[in-house]
Structures are given as C-alpha cells and as structure tokens.
Amino acid sequence: MTEKCQAVLFDLDGTLIDTAPDFIRIIKVMCAKHQHPAPSDTAIREQVSAGARAMVKLMFGELAHVTEDDPTLLAYRQEFLDTYEADICVDSRLFDGLDSLLTHLESRGIVWGIVTNKPRYLAENLLEKLELTERCRVLVCPDDVKHTKPDPEPMYLAVARLNEQLRGQLQPENCVYVGDHIRDIQAGNAANMRTILAAYGYIPPEDQADLGSWGADNIIHSVAELTALLGDWTDA
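So the sequence shown is numbered by the UniProt record's numbering: it starts at 1 and just counts up by one.
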C-alpha cells in the first residue's frame, strides 16, 4: 500500500459480523409458518450477503425470477425483516479474531467504520447488542445515500463523516475497504480505496473460482490473514 492507512471500513454481514446463524434460524421459522421446505443451512449462508430479497427468493423458489418490485416478493421481504428485527442478534457474533483486530486498530489510532447495505434500524440494533456502537466511528447505510453499493457514494460519505471528526485530514486513498461481495470491491475501487476481499465470508462455490476477476487489491481467506495484512499497513 503506497499511502499510509488511516481508516479501515468494513462491510457488515459476512465480513465483520457472522450473522448467518440468525438468518438460518429466521428462515426456518418463516418456512415452517408457510409450510414450505426450508433451504439448507449452507444455501442460506451463501445468500446472506446478497440481501433480504435474495433470501426470500431462496425460500420461495416460485419468486426466483420475479421483478424486484413484485408485490408478493415485497410482502415476504417485509415479513422477513420484521421477523429478523424482533429476534435480532441471538447467535450473531464478530468473526473470530476480529475483536482483537479492532482493538489493535484502535490502539494505533486507526479509525474504523462500517459501510453496509443493511437498513440503518437493523444495523444500529445489531451493533448495540454486540456493544460496538461506541467503537464504530462511522456507519453508512442505504438510508443515508441515493445510490448504494456498488456505487461509490456510500464510500465518499463515510470519508466525509470521518473528516468531520478528523478535521479534514482523511482522503479515500488513505482508506481500506474490506468486503465479501463483488459490489463491495466495485464500490471501494470506484472510490479509489484499497480493497480487500474477505473470502472467508458468504461467497457461493460458483463464485469462488472467479474471485480474482473481482478486482480486489488483496484476497484473504481468514481473519488471521487480514490481521497480518492490515498490521503491515498500519504499523508502517
């Protein structure tokens, strides 16, 4: 990394926090309610980063090819989000090793934050339950922007909000963005940030062989690799 790393931004689901166990439980509850066969745990995990609509389509295969504004799809999506909100963060946890990494960043004066496509009311609830609210220096959600990832608008907003705290010293090229979905890498690259693909996240097998084409500056397969890489950049 040619520029000194001054901030590390993370995607939320599948990168910073392992939320899949809660989604697996919620989906099984919904499928039982609607007397519908539940997908496998593995299939659910692979769709978490794709968002609520993708998980609803996984549950109800007959909706697989409907448009994103289909009334039935939207109704099930709202039911899914309501069910999740009512029972959020029962089994969700930081990925192993990430608490230590965040502590290391904080000790080095490196600010960290989150840029996610998760609705703010859910993201804030999750962070509060995991006691991360006060530690996270910036949280950017779809509610805050006109264009979500893969557009770079959320990335630029994160930098702008951090600069309100850092007196305008931060530039996008001084930031690292870590994510587990192609849209994360596209957004980070478009904002001229260093991008790290978290291949330990929720990536379907059909995408695993093609990760190099996503354009990330680095691909890591464990939190230990991420810690070592960020350690090199932040200790320089």
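Think of the CB as a built atom: it goes at the ideal place given N, C-alpha and C, for glycine as much as any other residue.
Using only alpha-carbon positions, find the residue among the options that is nearest to residue i.
| i | options | result |
| --- | --- | --- |
| L123 | V56, V159 and E85 | The sequence given here places Ala at residue 123; Leu does not occur at that position. Out of V56, V159 and E85, E85 has the C-alpha closest to the C-alpha of A123. |
| V176 | R167, V159 and G168 | V159 |
| I17 | G113, G231 and E173 | G113 |
| G212 | M193, H181, A190 and L229 | H181 |
| R93 | T19, P150 and A43 | T19 |
| E153 | C136, E128, T133 and M193 | M193 |
| K118 | H34, R135, A198 and L81 | L81 |
| L9 | L139, H36 and G201 | L139 |
| P39 | A54, K33 and M59 | M59 |
DSSP state of residue i, grouped into three classes?
| i | result |
| --- | --- |
| T103 | helix |
| I24 | helix |
| I88 | coil |
| A50 | helix |
| R45 | helix |
Residues in its own chain within less than 6 Å of residue i by CB, not counting five upstream and five downstream?
| i | result |
| --- | --- |
| V90 | D22 |
| L226 | I220 |
| L63 | K57 and L73 |
Count the other C-beta atoms from every protein chain shown that fall within 10 angstroms of the C-beta of residue i, then say buried if there are 16 or more, exposed otherwise.
| i | result |
| --- | --- |
| S49 | buried |
| T116 | buried |
| T15 | buried |
| D184 | buried |
| A224 | exposed |
| E46 | buried |
| Q208 | exposed |
| Y121 | exposed |
| D96 | exposed |
| D13 | buried |
| Q169 | exposed |
In chain order, what residues of the same chain lie with their CB nearer than 8 Å to the CB of residue i, ignoring the 5 residues before and after it?
| i | result |
| --- | --- |
| Y156 | P172 and A191 |
| I88 | D22, L122, N125, L126 and K129 |
| A43 | L58 |
| Y200 | F95, D180, I220, H221, S222 and V223 |
Tell me which same chain residues have a C-beta within less than 7 Å of the C-beta of residue i, skipping the five on either side of it?
| i | result |
| --- | --- |
| T234 | C5, L105, R108 and I110 |
| E68 | R53 |
* Assess, as a yes-or-no matter, whether the segment 139-147 is touched by the segment 162-173 under the definition of 3 or more beta carbon pairs within less than 8 Å. => no
Do the segment 49-64 and the segment 216-223 meet, that is, are 3 or more Cβ pairs less than 8 Å apart?
no
Practice prompt. Mind the definition here: the segment 92-106 touches the segment 70-81 only if three or more C-beta pairs lie below 8 Å; say whether that holds.
Written response: no
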